[in-house]
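Trainee: Numbering (the working numbering), first residue to last: 258 to 415.
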Amino acid sequence: MYLTVHMVSGLLIGNQIGNPWLAFLMGVISHFVLDAIPHDIRELNEWQNRDNNKKKQAIEGYFDAFFILLLTIFLLSINKLSLGQTTVSALVGVFMPDLLWIMPWVFNYKNKWLEKYENFHLTVHKLIYKKIYITAWIAIPLQLAFFLILFSIYLSIE
Ligand SMILES: [Zn+2]
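#1: Is there contact between the segment 381 to 398 and the segment 291 to 299, where contact requires at least three CB pairs shorter than 8 Å?
#2: Could you give the distance in angstroms between the alpha-carbon of A347 and the alpha-carbon of P277?
#3: Tell me whether the beta-carbon of G350 lies closer than 9 Å to the beta-carbon of F281.
#4: Whose C-alpha, out of A293, G318 and I325, is nearest the C-alpha of G267?
#5: Under a three-way DSSP split, which group does D397 fall into?
#6: Does DSSP put I286 in a helix, a strand or coil?
#7: Can you tell me which of the three DSSP states L294 falls into?
#8: Can you tell me whether Y390 is helix, strand or coil according to DSSP?
#9: How would you call D308, buried or exposed, if buried means at least 16 neighbouring beta carbons within 10 angstroms?
#10: With burial defined as no fewer than 16 other Cβ atoms inside 10 Å of the residue's Cβ, what is the status of Y411: buried or exposed?
#11: When every heavy atom of ligand 1 is checked, does at least one fall within less than 8 Å of the C-beta of M360?
#12: Assign K367 to one of three DSSP states: helix, strand, or coil.
#13: Report, in whole angstroms, the separation of the C-beta atoms of V381 and D292, which I expect to be a contact under 8 Å.
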């Protein structure tokens, strides 16, 4: 899923789990659970692959980062973001699985273990739906639904 969705699950975990190590672990697990749900946009992938343009893939990342920023500003404005130890641990846990496979791609860096990890990450994406990519008409509402469910749970807890 997009990091914006992972972020909300991280906030929820950080809020509910008292131990920072457990919060981190739950964050990592939640990332893979959410990633196993088919969510990758076919139309976007076709557009990016047409001329194999790295910039086109970066645009996707920028959008995600932009929504994370919006979400952070919104949460700060309603006083719903407290970055305690468990929240920070959970957030590191939810972001790390994607940052790890993006890193070699961004820095043109090759590493055997990171390549193995990238394959594992991809395998998780194929777990439920082997072809990975689904139409935007399903992928976007699906991610939005997960976002809204997790976010409303997060907002409803004190
Ligand atoms: Zn991921």
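We put the beta carbon where it would ideally sit given N, CA and C, even for glycine.
Mentor: To lay it out plainly:
#1: The segment 381 to 398 is in contact with the segment 291 to 299.
#2: Between the alpha carbons of A347 and P277 lies a distance of about 7 Å.
#3: One thing to note: G350 has its Cβ within 9 Å of the Cβ of F281.
#4: Comparing alpha carbon positions, the residue from A293, G318 and I325 closest to G267 is I325.
#5: It should be pointed out that residue 397 corresponds to Ile in this sequence rather than to Asp. Reduced to three states, the DSSP call for I397 is helix.
#6: It is helical.
#7: The sequence given here places Ile at residue 294; Leu does not occur at that position. I294 carries a coil assignment under DSSP once its states are collapsed to helix, strand and coil.
#8: In this structure, DSSP gives Y390 an extended state, which the three-state scheme calls strand.
#9: Counting Cβ neighbours within 10 Å, D308 comes out exposed, since fewer than 16 surround it.
#10: Buried, since its Cβ has 16 or more Cβ neighbours within 10 Å.
#11: For ligand 1, not one heavy atom lies less than 8 Å from the Cβ of M360.
#12: Looking at K367 - three-state DSSP - the assignment turns out to be coil, as it is neither helix nor strand.
#13: Confirmed, about 5 Å.
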